[in-house]
Amino acid sequence: MTEQSTKTLSLAEVRDLAKSVLVSAGVDSRSSDILADIVTRSERDGPRSHGLRMLPVYVQSFTSGYANGHATPKTEKVAPGVLRCDADNGYYQVAAAEAREDLIAMTRENGIAAFTCTNCHHLGALRFDTEPLAEAGLVAFAVINSLSMVVPQGGVRPVFGTNPMSFACPREGDAPVVWDQASSMVALMDIRMAAAEGHDLPRPAGLDPRGEPSTDPNAILETRSLLPFGEHKGAAIAFMVEVLGAALAGGTLSVDNEERQSFDALNIKGGATLIAIDPSRFGNAAFNEYVARICAEISGNGSARVPGDGRLAKRAAADAHGIEVSTEVLDALG
Numbered sequence: 001m002t003e004q005s006t007k008t009l010s011l012a013e014v015r016d017l018a019k020s021v022l023v024s025a026g027v028d029s030r031s032s033d034i035l036a037d038i039v040t041r042s043e044r045d046g047p048r049s050h051g052l053r054m055l056p057v058y059v060q061s062f063t064s065g066y067a068n069g070h071a072t073p074k075t076e077k078v079a080p081g082v083l084r085c086d087a088d089n090g091y092y093q094v095a096a097a098e099a100r101e102d103l104i105a106m107t108r109e110n111g112i113a114a115f116t117c118t119n120c121h122h123l124g125a126l127r128f129d130t131e132p133l134a135e136a137g138l139v140a141f142a143v144i145n146s147l148s149m150v151v152p153q154g155g156v157r158p159v160f161g162t163n164p165m166s167f168a169c170p171r172e173g174d175a176p177v178v179w180d181q182a183s184s185m186v187a188l189m190d191i192r193m194a195a196a197e198g199h200d201l202p203r204p205a206g207l208d209p210r211g212e213p214s215t216d217p218n219a220i221l222e223t224r225s226l227l228p229f230g231e232h233k234g235a236a237i238a239f240m241v242e243v244l245g246a247a248l249a250g251g252t253l254s255v256d257n258e259e260r261q262s263f264d265a266l267n268i269k270g271g272a273t274l275i276a277i278d279p280s281r282f283g284n285a286a287f288n289e290y291v292a293r294i295c296a297e298i299s300g301n302g303s304a305r306v307p308g309d310g311r312l313a314k315r316a317a318a319d320a321h322g323i324e325v326s327t328e329v330l331d332a333l334g
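Shown next, in the form of C-alpha cells:
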C-alpha cells in the first residue's frame with residue numbers, strides 16, 4: 001500500500017474548502033451550502049470516498065454544463081400523499097431539502113407520503129436525505145438509480161447502477177437508526193479510492209478484462225463491471241431500485257447514458273423516490289419499544305452492531321479531533 005502524507009482539518013475547515021470549490025465552479029449559494037454539507041458529513045461519518053474525493057466529480061458536472069448550478073426545483077402535489085419534483089437539472093439533494101417540510105407535513109396528515117424526483121443529479125450517500133426524517137420521528141426509505149456498471153448475476157455486461165438505497169427510523173432516547181448501501185458489492189467511489197491509495201479490495205467486487213471476479217481495483221475500473229452483493233439477491237434489489245427510482249419518477253434508466261457520455265460525467269440523471277411513514281398513525285402505540293427491543297437484541301450480541309451505528313463513533317471522533325486528509329487530495333483541490 002502506498003504511504004501517503006496527511007493534514008488534519010477541522011470539520012469547519014472541510015466545509016469551507018468544499019464550499020469554496022463549489023462556488024468557484026459556478027454553483028449558487030443555496031446548492032453549494034447543501035452539497036458542501038454533504039461532503040463534510042461524508043468526511044465525518046464515512047465513507048470518506050464520498051467526501052472531498054468526490055468534489056472534483058461534482059465540479060466536473062457543473063463546469064462541463066451537464067448539471068445546473070443555479071437550479072430552481074419545481075415541486076407539485078399530484079396526489080394526497082405524493083409530491084413530484086422536476087429538479088431543473090440540479091442536484092437531487094437540493095430538491096429534497098426544499099421539499100422536506102412539505103413531505104413531513106403530508107406524512108403526518110396521511111400516515112404515509114412520498115417524494116419522487118426527476119431531471120436530477122446525485123452523488124454521495126442517500127442517508128443524508130432519510131436521517132432528517134427520522135429525526136422528525138418518521139420512518140424513511142429512499143432509492144435512486146445510477147449509471148449502469150453492475151452486471152446481473154450470470155450476465156456479461158452491466159445493466160444496473162450501483163442503485164443505492166437508505167433506511168432510517170427514530171430511536172427513542174438515542175440517535176436514529178440510519179443506514180445506506182449500494183446494490184453492488186462495493187461502491188464505485190470506494191473502488192476508485194482503493195486504486196488511488198494503492199491497495200486491493202478485501203473481496204472480489206467486479207470483473208477483470210478476462211471476465212473473472214477480481215479484487216484489483218484498477219482491473220475493475222478498466223471494465224467498469226461491478227458485481228452485485230449477494231449474487232442474484234443483490235441483482236434483484238438493484239432491479240427494485242430501478243423500478244422505484246427511474247420508472248416511478250421518469251428518470252433516465254441506468255443503461256441510457258448517451259447524454260452522460262457526451263459530457264464525460266460520472267452520473268446519469270436518474271430518478272429518485274423517498275417514502276416517509278409516520279409510525280404514530282399505524283396503530284401500534286408500542287412502536288418505540290419494538291425498535292428499542294430490536295436494537296437491544298443486536299447490541300452486545302458478539303461483535304454485532306445496529307446498522308449504521310459504526311458511523312456514530314466516527315462522528316464523535318471527527319467532532320472532537322478533526323479528520324486526516326490526504327495532502328494529495330488537498331493539492332488536487334487547489
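With our numbering applied, the sequence shown has no gaps in its numbers, which climb one by one up to 334 at the end.
Note that CB positions come from ideal geometry on N, CA and C, so glycine has one too.
May I have the straight-line CA-CA distance separating residue i from residue j, to the nearest angstrom?
{"i": "N110", "j": "G245", "result": "22 Å"}
{"i": "I237", "j": "A286", "result": "30 Å"}
{"i": "A97", "j": "D129", "result": "8 Å"}
{"i": "V151", "j": "A18", "result": "33 Å"}
{"i": "I275", "j": "L83", "result": "10 Å"}
{"i": "F229", "j": "V186", "result": "8 Å"}
{"i": "D45", "j": "A316", "result": "9 Å"}
{"i": "K74", "j": "C295", "result": "39 Å"}
{"i": "C169", "j": "D190", "result": "26 Å"}
{"i": "M1", "j": "E222", "result": "Per-residue confidence for M1 stands at a pLDDT of 47, beneath the threshold of 50, marking its modelled position as unreliable; the derived number appears in the next sentence. Roughly 20 Å between the two C-alpha positions."}
{"i": "T72", "j": "D88", "result": "6 Å"}
{"i": "S254", "j": "C117", "result": "15 Å"}
{"i": "F115", "j": "V243", "result": "15 Å"}
{"i": "D28", "j": "L123", "result": "17 Å"}
{"i": "D216", "j": "E197", "result": "12 Å"}
{"i": "L147", "j": "Q181", "result": "16 Å"}
{"i": "D331", "j": "E43", "result": "17 Å"}
{"i": "T273", "j": "R127", "result": "13 Å"}
{"i": "S24", "j": "L35", "result": "13 Å"}
{"i": "G65", "j": "Y58", "result": "11 Å"}
{"i": "K77", "j": "E259", "result": "29 Å"}
{"i": "R281", "j": "I112", "result": "9 Å"}
{"i": "L55", "j": "A136", "result": "29 Å"}
{"i": "P80", "j": "S299", "result": "39 Å"}
{"i": "W179", "j": "E131", "result": "9 Å"}
{"i": "D208", "j": "T252", "result": "27 Å"}
{"i": "R41", "j": "K314", "result": "11 Å"}
{"i": "R108", "j": "G302", "result": "38 Å"}
Going by CA-CA distance only, name the one from the options that's closest to residue i.
{"i": "H121", "options": "V151, Q60, V177", "result": "Q60"}
{"i": "G250", "options": "A236, K269, K77", "result": "K269"}
{"i": "F263", "options": "V21, F62, G26", "result": "F62"}
{"i": "G206", "options": "K74, D331, T162", "result": "T162"}
{"i": "M193", "options": "G90, V255, S326, A317", "result": "S326"}
{"i": "A235", "options": "G155, T8, V14", "result": "G155"}
{"i": "I38", "options": "G26, T8, G81, Y92", "result": "Y92"}
{"i": "P47", "options": "V21, G310, V329, A320", "result": "G310"}
{"i": "Q153", "options": "S32, A134, F239, E131", "result": "F239"}
{"i": "V177", "options": "E76, I323, R305", "result": "R305"}
{"i": "D256", "options": "P158, K77, R108", "result": "P158"}
{"i": "S5", "options": "L333, E324, P204, L52", "result": "E324"}
{"i": "E172", "options": "C85, G90, N145, N288", "result": "N288"}
{"i": "A134", "options": "K77, E101, A313, S299", "result": "E101"}
{"i": "N145", "options": "P164, R281, A136", "result": "P164"}
{"i": "L333", "options": "T107, A313, S20", "result": "S20"}
{"i": "N119", "options": "T107, G90, A105", "result": "G90"}
{"i": "H70", "options": "P204, T107, Q261, S32", "result": "S32"}
Tell me, to the nearest whole angstrom, how far the beta carbon of residue i is from that of residue j; I am working on the premise that it is less than 8 Å.
{"i": "L227", "j": "P213", "result": "6 Å"}
{"i": "F167", "j": "S183", "result": "No, F167 and S183 are not in contact; Cβ-Cβ is about 14 Å, not under 8 Å."}
{"i": "A125", "j": "H50", "result": "5 Å"}
{"i": "D278", "j": "L138", "result": "6 Å"}
{"i": "R30", "j": "V94", "result": "7 Å"}
{"i": "L11", "j": "A318", "result": "6 Å"}
{"i": "T247", "j": "N218", "result": "At residue 247 the sequence reads Ala, which differs from the Thr that was named. Incorrect: roughly 34 Å between the Cβ atoms, too far for contact."}
{"i": "G322", "j": "L9", "result": "6 Å"}
{"i": "L312", "j": "A140", "result": "Going by Cβ atoms, the distance from L312 to A140 rounds to 18 Å, so no, they are not a contact pair."}
{"i": "V241", "j": "V143", "result": "4 Å"}
{"i": "M149", "j": "R224", "result": "5 Å"}
{"i": "A99", "j": "C85", "result": "6 Å"}
Name the one or two DSSP bridge partners that residue i has.
{"i": "L226", "result": "V150, G206"}
{"i": "M342", "result": "The structure shown has nothing for residue 342, since the chain only spans 1 to 334."}
{"i": "I275", "result": "A114, F141"}
{"i": "R171", "result": "D174"}
{"i": "C120", "result": "G90"}
{"i": "V243", "result": "None; V243 has no bridge partner."}
{"i": "P337", "result": "Because the chain here runs from 1 to 334, residue 337 falls outside it and cannot be looked at."}
{"i": "P217", "result": "Answer by DSSP bridge pairing: none, since P217 is not bridged."}
{"i": "F160", "result": "V150"}
{"i": "V325", "result": "K7"}
Subject >> Uninterrupted alpha helix (DSSP H) stretches inside the stretch 68–118 (no shorter than 4 residues) >> reply: 92–110
**OP:** Note down, one range per segment and in chain order, each alpha helix (DSSP H) of at least 4 residues found wholly within the stretch 252–312.
**Re:** 258–263, 287–298
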